[in-house]
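Visitor: Quick one: this structure, given as C-alpha cells, is what I'll be asking you about.
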Amino acid sequence: MDICKIDSELIWHPFTQHQIAKAPIAISSGKGSYLFDINGKKYLDLVSSWWVNLHGHAHPEIAKAISLQANQLEHVIFANFTHQPAVLYADMLRSILPKNLNKFFYSDNGSTAVEIALKMSYQYWVNQNHHERKLFICFDGGYHGDTFGAMSVGKASGFHDKFKQLFFQVLQLPYPSTWIDDPDINQKEEQSLAALDNLLSEYGEKIAAIILEPLMQGASGMRFARPDFIEKIILKVRQYDILVIFDEVMTGYGRTGTNFALDQIRIQPDFLCLSKGITGGFLPLALTISTSHIFNQFLSSNYDLSFAHGHSYTANPIACSAAIASFKILTEEKTGLAIKAINQAHCDGIKILQNNNPKISKFRILGTIAAFDLNENIINLNQIKDAFINHGLLIRPLGNVVYLMPPYCTSYDELIDVYKKIANIINTSCKT
Ligand SMILES: *Cc1c(COP(=O)(O)O)cnc(C)c1O
1 MDICKIDSEL IWHPFTQHQI AKAPIAISSG KGSYLFDING KKYLDLVSSW WVNLHGHAHP
61 EIAKAISLQA NQLEHVIFAN FTHQPAVLYA DMLRSILPKN LNKFFYSDNG STAVEIALKM
121 SYQYWVNQNH HERKLFICFD GGYHGDTFGA MSVGKASGFH DKFKQLFFQV LQLPYPSTWI
181 DDPDINQKEE QSLAALDNLL SEYGEKIAAI ILEPLMQGAS GMRFARPDFI EKIILKVRQY
241 DILVIFDEVM TGYGRTGTNF ALDQIRIQPD FLCLSKGITG GFLPLALTIS TSHIFNQFLS
301 SNYDLSFAHG HSYTANPIAC SAAIASFKIL TEEKTGLAIK AINQAHCDGI KILQNNNPKI
361 SKFRILGTIA AFDLNENIIN LNQIKDAFIN HGLLIRPLGN VVYLMPPYCT SYDELIDVYK
421 KIANIINTSC KT
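The opening position of the sequence shown corresponds to residue 1 in the working numbering, with each subsequent residue numbered one higher.
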C-alpha cells in the first residue's frame, strides 16, 4: 500500500494547507525518544508528538496496562456507573495536587477540559442567580484549544481570527512575555497589572473567571511569565471573587520542572485543566479539576443545578489505565532525575548557541522546555525547518520560535548533540 499516495487522496490533515504542503512523513514505529518512518529513517522527537509524549514512544509498561484493561473492561457509561481505573487515577492525582483541588471531572481532550472549566465557572454564578457574571478575562497570546469556548478565550492567540464574529465577549490583558536577561520585564508587568486594574474597576462584578496558561504560553510561541506576576494577578481578581482557571494542558506533568506549573505559584486556582501528557501520550484523556467550594454550588434536591455535560468516552477505562501507568512512571525517582538532566542539557546547550549570534535571541528555559527566537530578516525559516527534518530532528518551529520539548527519556548527551546540530544548521543558513 502506497500510504502517502492514498493519504493525499483521502486525508484532510490538521493545521495543513494541502495545496502547498509536502507529502507527510509516514511513521511506522516509535521507540523511546525516536520515531521511525516507513523507509527506516529515524527522527528524534523533540516536540514530544505535539506535546503529549512523556516517557517515550511505545513504552512497554503503558502498553501492557492498556492491553490488560482492554481485555477486562474497554468502556462503560460514566453517568450512574463508575470503575476502578477512573477512581484510582483521581486518587493518585490527588496525592500530588494542592489539597483544595479535589473534584475530578473527566473528558477526553484539552479543548474540552477548557470548555468544561468555562461552563462550570459560568454556571457557578448562574446557580447563585448572578446572571450578570458572563465575561471572561484572558491574556494576549493565550491558547486554549480549537472549540468555540476555548477559541473565544483564545481570541488573541492569532489562531482563530476567521471565527471571531462568533465568539462570546472576553476581556484581554497584555501578556508580559519574558526571557533570560530581559531588561524591560518590570515595566511590562506593571503595564499588564495596570490594565487589569482598569478592567476590574469597570467590569469587576460582571466577570465570571480568568483563564491563563500558568508560567508559559505554549502555542503562541513558548512565552514565559514570572510566577510573582501570576500571583499578583490572582490576588487582584480574587478581590472581585472572580474564579481562576489554570490551563495546564501543556505545562502539567513535569514539563516545567515541577509536577505542575502551579507548584511554582503560591496561590491556587479554582480550576485546573489537564490533558496532553497524562496518559503518557498513548490515548486521549482530560480532566477538569475543581474544588469542593465550586462543586457545592451545583448541589440541590432537584436536577436543575446539576452540571449537564458529558461525553461518550468520558473516563474511558483504557485511557485511565494508561494514565495510571504513566503516573507511576512520572512519580518514579529516575523520572525526576531525567527531567533535571534535560534541564541541565538546555542550560549547557544554549551556551553553544548564544555567542552573540545575531540570528538568534530571547533564550528561555523552564524545566524540560527551551526556546529561542530566530531573526527572520537574516534567516530563511523554511530552509531551517527542512534542514532539521533532514538531520533527523523532529523540531516544528512556532513562527520564528524554535523550541525543544523532548520526552523525558531523552538523554543529556542526545540533547547536547541536538544543540550542536542546531548551531551548525543555523550558522550555515542564510537568507535566500
Ligand atoms: C494543546 C492545548 C489545548 C488544547 O488541547 P487539545 O487536546 O489539542 O484540544 C488547550 N490548552 C493548552 C494550553 C494547550 O497547549
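Using N, Cα and C, we set each Cβ at its ideal position, and we do this for glycine too. Values in this document were obtained by computation on a predicted structure and should not be read as measured data.
So what's Gln-217 in DSSP terms, helix, strand or just coil?
Guide: strand
Visitor: Looking only at its own chain, which residues have a Cβ that is under 8 Å from the Cβ of Ala-195, when we skip the five neighbours before and after it?
Guide: Leu-173, Pro-174
Visitor: Residues in the same chain with beta-carbon distance under 8 Å from Val-76, minus the five sequence neighbours each way, listed in chain order, please.
Guide: Only His-83, Pro-317 meet the Cβ criterion.
Visitor: DSSP state of Lys-42, grouped into three classes?
Guide: strand
Visitor: In angstroms with no decimal places, state the Cα-to-Cα distance between Asp-348 and Ile-416.
Guide: Cα to Cα, Asp-348 sits roughly 8 Å from Ile-416.
Visitor: Tell me, which residues are paired with Asp-373 by DSSP?
Guide: Ser-361, Val-401
Visitor: Kindly confirm or deny that the stretch 407 to 421 and the stretch 29 to 37 touch, where touching means at least three C-beta pairs closer than 8 Å.
Guide: A contact between stretches requires three or more CB pairs, one per stretch, nearer than 8 Å, and the stretch 407 to 421 meets this requirement with the stretch 29 to 37.
Visitor: What separation, rounded to the nearest whole angstrom, lies between the Cα atoms of Leu-366 and Ser-292?
Guide: If you draw a straight line from the Cα of Leu-366 to the Cα of Ser-292, it is about 31 Å long.
Visitor: Could you check the C-alpha separation between His-309 and Ile-116 for me, to the nearest Å?
Guide: 8 Å
Visitor: Identify, in the order they occur along the chain, each residue of the same chain with its Cβ nearer than 7 Å to the Cβ of Ala-90, setting aside the five sequence neighbours on each side.
Guide: Phe-104
Visitor: Would you mind giving the Cβ-Cβ distance between Asn-109 and Ala-322, rounded to the nearest angstrom? I have them listed as a contact below 8 Å.
Guide: Rounded, the Cβ-Cβ distance is 14 Å, inconsistent with contact.
Visitor: What are the residues that DSSP puts in a beta bridge with Lys-31?
Guide: Tyr-34
Visitor: Candidates Arg-396, Lys-385, Gly-254: which alpha carbon is nearest Ser-326's?
Guide: Gly-254
Visitor: Would you list the one or two residues that DSSP bridges to Asp-247?
Guide: Cys-273
Visitor: Roughly how many angstroms separate the alpha carbons of Asp-241 and Asp-270, rounded to a whole number?
Guide: 11 Å
Visitor: Helix, strand or coil for Arg-94, going by three-state DSSP, please let me know.
Guide: helix
Visitor: Can you give me the Cβ contacts of His-346 inside the same chain, cut-off strictly under 6 Å, excluding the 5 residues immediately before and after it?
Guide: Ile-365, Ala-370
Visitor: May I have the straight-line CA-CA distance separating Ala-208 from Phe-168, to the nearest angstrom?
Guide: C-alpha separation (whole angstroms): 13 Å.
Visitor: Quick check: the Cα distance between Ile-395 and Leu-135, rounded to an integer number of angstroms?
Guide: 37 Å
Visitor: Whole angstroms is fine: what's the gap from Tyr-122's alpha carbon to Val-52's?
Guide: 29 Å
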